[in-house]
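Chemist: Heads up: the protein sequence lines correspond to chains W and V, in order. Each number in the numbering used here comes from the position in the first sequence (counting from 1) with 258 added on. Each number in the numbering used here comes from the position in the second sequence (counting from 1) with 258 added on. Each residue gets a CB set at the ideal place from its N, CA and C atoms; glycine is no exception. Below is the structure I would like to discuss, written out as structure tokens.
Protein chains: 2
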Amino acid sequence: MDLQAKNLSAELSKRNIRPSYQRIKVLEYLIKNQFHPTADQIFTGLQGEIPTLSKSTIYNTLNTFIQSGLVRVLNIEDNETRYDIITESHGHFKCETCGAIFNFKINIDSFATEELKGFKVIDKNVYFKGVCPKCLLNINQGKNNRKENVL
Amino acid sequence: MDLQAKNLSAELSKRNIRPSYQRIKVLEYLIKNQFHPTADQIFTGLQGEIPTLSKSTIYNTLNTFIQSGLVRVLNIEDNETRYDIITESHGHFKCETCGAIFNFKINIDSFATEELKGFKVIDKNVYFKGVCPKCLLNINQGKNNRKENVL
DNA sequence: GTAAATATAATAATCATTACAAGTTTAAAC
DNA sequence: GTTTAAACTTGTAATGATTATTATATTTAC
Ligand SMILES: [Mn+2]
Ligand SMILES: [Mn+2]
Ligand SMILES: [Zn+2]
Ligand SMILES: [Zn+2]
Chain W
259 MDLQAKNLSA
269 ELSKRNIRPS
279 YQRIKVLEYL
289 IKNQFHPTAD
299 QIFTGLQGEI
309 PTLSKSTIYN
319 TLNTFIQSGL
329 VRVLNIEDNE
339 TRYDIITESH
349 GHFKCETCGA
359 IFNFKINIDS
369 FATEELKGFK
379 VIDKNVYFKG
389 VCPKCLLNIN
399 QGKNNRKENV
409 L
Chain V
259 MDLQAKNLSA
269 ELSKRNIRPS
279 YQRIKVLEYL
289 IKNQFHPTAD
299 QIFTGLQGEI
309 PTLSKSTIYN
319 TLNTFIQSGL
329 VRVLNIEDNE
339 TRYDIITESH
349 GHFKCETCGA
359 IFNFKINIDS
369 FATEELKGFK
379 VIDKNVYFKG
389 VCPKCLLNIN
399 QGKNNRKENV
409 L
């Protein structure tokens with residue numbers, strides 16, 4: 259996906275979303291920061307550029323994007339929703355130590371068809387949790403990882 | 259799993275959870291009502307039997323059960339946590355129309371190993387969403403389903 | 001250019017969950 | 001069996017993410 263504002267604007271228009279300044283910036287942020295940010299992270303990340311920005315706009319914008327299929331929702335955390343600009347089917351691994359969320363390829367369509375015959379499946383999510391390699395290494399070395407969201 | 263109070267008590271003791279009256283009742287509720295209830299549903303369902311019951315106790319108890327591996331958490335909803343007494347690996351399908359959550363067999367271990375080499379995987383969840391057969395039928399007949407949690 | 005529709009922003013409301021403090025029950029020690 | 005400490009329950013307050021609301025601003029249609 260390209261980062262040019264014009265292309266972003268066109269991308270929104272194509273989906274019948276009016277390309278306001280705020281919406282373009284949120285879309286740009288999601289493309290640049292693909293670590294599955296929270297609404298608050300997006301808000302904080304854009305506040306410098308858009309001093310008048312409101313958190314309501316972040317939520318409104320995200321919900322608009324979700325409805326049009328432009329972003330994907332992750333409910334991998336119990337308290338906060340995360341947003342993914344990559345809508346192609348893939349699995350997610352959350353490191354419980356550092357909080358980072360990793361993508362991994364997975365062919366979700368290849369299984370679980372028999373028992374769900376008669377069901378209309380619209381959305382599929384695969385969430386794994388555990389400890390990432392970096393944190394495993396640090397734990398073995400007796401180090402203590404900070405819980406932050408660095409991919 | 260048996261429903262006898264003695265067995266429930268023993269089941270808790272085995273896991274070093276003191277078998278209080280409230281805990282036995284919550285466990286009993288989870289065994290009897292396997293529709294993946296919310297904390298509030300458990301609370302409401304037990305209030306008649308235990309008039310002094312507090313919602314704090316529900317949450318405390320559930321968190322104790324989770325820690326010991328006696329129940330499984332479902333984050334398939336964006337707002338409310340659901341609890342599952344069946345801890346064996348299986349997938350979940352949520353009908354967006356009636357709200358019911360169905361189990362389905364799935365061999366989660368059979369895939370997604372290559373890319374996660376070096377990761378320590380502790381927990382795996384597969385969540386599908388869509389419309390269940392009953393609701394599909396009603397939709398086709400022009401009926402309107404109520405959103406309730408009947409399995 | 002004017003009116004209608006839509007978007008933004010600020011604030012208040014909602015609601016699930018957790019934190020905390022006080023009272024109660026349980027279990028061990030004597 | 002009484003004493004005593006630890007664990008559990010309860011009620012209430014606090015937290016925090018998300019939504020609702022409403023006034024203002026911006027965009028679109030005519
Ligand atoms: Mn992703
Ligand atoms: Mn289940
Ligand atoms: Zn990590
Ligand atoms: Zn249904």
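1) Can you tell me whether DSSP reads Arg330 (chain V) as helix, strand or coil?
2) Can you tell me whether Tyr279 (chain V) is buried or exposed? The criterion is at least 16 other CB atoms within 10 Å of its CB, across all chains shown.
3) So, under 8 Å CB-CB, Leu332 (chain W) and His294 (chain W) are touching, yes? Tell me the CB distance rounded to an integer number of Å.
4) For Lys387 (chain W), count the other beta carbons within 10 Å of its own beta carbon; 16 or more makes it buried, fewer makes it exposed. Which is it?
5) Applying a beta-carbon distance threshold of less than 9 Å, which residues of chain W neighbour Cys390 (chain V)?
6) If you scan the stretch 288-368 of chain W from start to end, which runs of the alpha helix (DSSP H) of 4 or more residues do you find wholly inside it?
7) Under 8 Å by Cβ, that's how I've got Ile366 (chain W) and Gln292 (chain W) pegged, so tell me the actual separation to the nearest angstrom.
8) Following the continuous alpha helix (DSSP H) through Lys392 (chain V), name the residue where it begins and the one where it ends.
9) Give every residue of the same chain whose Cβ lies closer than 7 Å to the Cβ of Lys363 (chain V), excluding the five residues on either side of it in the sequence, and list them in chain order.
10) Any heavy atom of ligand 4 inside 7 Å of the beta-carbon of Lys387 (chain V)?
11) Provide the residue(s) that pair with Val384 (chain V) in DSSP beta bridges, ordered along the chain.
12) Consult DSSP for Cys378 (chain W) and reduce its assignment to one of helix, strand or coil.
13) Going along chain V in order, which residues have a C-beta closer than 9 Å to the C-beta of Tyr385 (chain W)?
14) Note down, in chain order, every chain W residue with its Cβ under 7 Å from the Cβ of Lys363 (chain V).
15) Just tell me which of V:Asn321, V:Ile300 and V:Leu288 has its CA closest to the CA of Ile275 (chain V).
16) Please classify Ala358 (chain V) as buried or exposed, where buried requires at least 16 other C-beta atoms within 10 Å of its C-beta.
17) For ligand 3, is there a heavy atom less than 7 Å away from the beta-carbon of Lys392 (chain W)?
18) Hey, Tyr287 (chain V) and Leu270 (chain V) are a contact pair by Cβ (cut 8 Å); roughly how many whole angstroms apart?
19) When you compare only the Cα positions, how much space is there between Val408 (chain W) and Asp381 (chain V)?
20) Could you name the residues of the same chain whose beta carbon sits closer than 6 Å to that of Asn361 (chain V), not counting the 5 residues immediately before and after it, in chain order?
21) Using the beta-carbon count (16 or more within 10 Å), is Asn398 (chain V) buried or exposed?
22) Taking Cβ-Cβ distances shorter than 7 Å, what residues in chain V pair up with Leu394 (chain W)?
23) Assign Glu406 (chain W) to buried or exposed, taking buried as 16 or more other Cβ atoms, counted over all protein chains shown, within 10 Å of its Cβ.
24) Taking DSSP as the reference, what is the three-state secondary structure of Glu286 (chain V)?
25) Checking 8 Å against the spacing of the C-beta atoms, do Glu354 (chain W) and Thr296 (chain W) come in under that value?
Modeler: On the basis of the data shown:
1) Sequence index remark: in the second sequence, residue 330 (chain V) carries index 72 (1-based). Strand at Arg330 (chain V).
2) For this step, residue 279 (chain V) is matched to residue 21 along the second sequence. By the 10 Å Cβ count, Tyr279 (chain V) comes out exposed.
3) As a first step, residue 332 (chain W) must be located in the first sequence, where it is residue number 74. As a first step, residue 294 (chain W) must be located in the first sequence, where it is residue number 36. Contact holds; Cβ gap of about 6 Å.
4) The sequence position of residue 387 (chain W) within the first sequence is 129, counting from 1. Buried is the label assigned to Lys387 (chain W), since at least 16 other Cβ atoms lie within 10 Å of its Cβ.
5) For this step, residue 390 (chain V) is matched to residue 132 along the second sequence. Listed along the chain, the chain W residues whose CB falls inside 9 Å of the CB of Cys390 (chain V) are Gly376, Phe377 and Lys378.
6) The stretch 288-368 of chain W is shown to contain whole alpha helix (DSSP H) runs of 4 or more residues at 297-305 and 313-325, in chain order.
7) Against the first sequence, residue 366 (chain W) aligns to sequence position 108. Against the first sequence, residue 292 (chain W) aligns to sequence position 34. Not quite, the Cβ-Cβ distance comes to about 20 Å (not below 8 Å), so this is no contact.
8) For the purposes of this step, residue 392 (chain V) is taken as the residue at position 134 of the second sequence. It spans Pro391 to Asn398 - the alpha helix (DSSP H) in which Lys392 (chain V) sits, taken as one unbroken run.
9) Reading the second sequence from its first residue, position 105 is the one you call residue 363 (chain V). Within the same chain, Lys363 (chain V) has close Cβ partners His348.
10) The sequence position of residue 387 (chain V) within the second sequence is 129, counting from 1. Checking every heavy atom of ligand 4 against the Cβ of Lys387 (chain V), none is found closer than 7 Å.
11) Here residue 384 (chain V) is taken as the residue at index 126 of the second sequence, counted from 1. W:Val384.
12) Numbered from its first residue, the first sequence carries residue 378 (chain W) at position 120. Note that residue 378 (chain W) is Lys in the sequence shown here, rather than Cys. Of the three classes helix, strand and coil, the one that applies to Lys378 (chain W) here is strand, per DSSP.
13) The residue given as residue 385 (chain W) occupies position 127 in the first sequence. Neighbours of Tyr385 (chain W) on chain V, chain order: Asn333, Asp381, Lys382, Asn383, Val384 and Tyr385.
14) Within the second sequence, numbered from 1, the residue matching residue 363 (chain V) stands at position 105. Residues of chain W with a Cβ closer than 7 Å to the Cβ of Lys363 (chain V) are, in chain order, Glu373.
15) By 1-based counting over the second sequence, the position of residue 275 (chain V) is 17. Ranked by how close their Cα comes to the Cα of Ile275 (chain V), the residues V:Asn321, V:Ile300 and V:Leu288 have V:Asn321 in first place.
16) The residue labelled residue 358 (chain V) in the question sits at position 100 within the second sequence. Its Cβ being crowded by 16 or more others within 10 Å, Ala358 (chain V) is buried.
17) As a working mapping, residue 392 (chain W) is identified with position 134 in the first sequence. The answer is yes for Lys392 (chain W).
18) For the purposes of this step, residue 287 (chain V) is taken as residue 29 along the second sequence, with counting starting at 1. For the purposes of this step, residue 270 (chain V) is taken as residue 12 along the second sequence, with counting starting at 1. Incorrect: roughly 14 Å between the Cβ atoms, too far for contact.
19) Walking along the first sequence from the start, residue 408 (chain W) turns up at place 150. Walking along the second sequence from the start, residue 381 (chain V) turns up at place 123. No answer about Val408 (chain W) holds up, because its pLDDT of 39 lies below 50 and its placement is not dependable.
20) In the second sequence, residue 361 (chain V) corresponds to position 103, counting from 1. Cβ neighbours of Asn361 (chain V) beyond the five flanking positions: His348.
21) The sequence position of residue 398 (chain V) within the second sequence is 140, counting from 1. Looking at its Cβ environment, which holds fewer than 16 other Cβ atoms inside 10 Å, Asn398 (chain V) is exposed.
22) As a first step, residue 394 (chain W) is located in the first sequence; it is residue number 136 there, counting from the start. For Leu394 (chain W), the chain V residues whose Cβ falls inside 7 Å of its Cβ are Lys378, in order along the chain.
23) Numbered from its first residue, the first sequence carries residue 406 (chain W) at position 148. Legend: pLDDT at Glu406 (chain W) = 46, less than 50; position of this residue unreliable, no value from coordinates given.
24) Sequence index remark: in the second sequence, residue 286 (chain V) carries index 28 (1-based). Glu286 (chain V): helix per DSSP, three-state reduction.
25) To locate residue 354 (chain W), count along the first sequence from 1; it is residue 96. To locate residue 296 (chain W), count along the first sequence from 1; it is residue 38. Taking C-beta atoms as the reference points, Glu354 (chain W) and Thr296 (chain W) fail to come closer than 8 Å.
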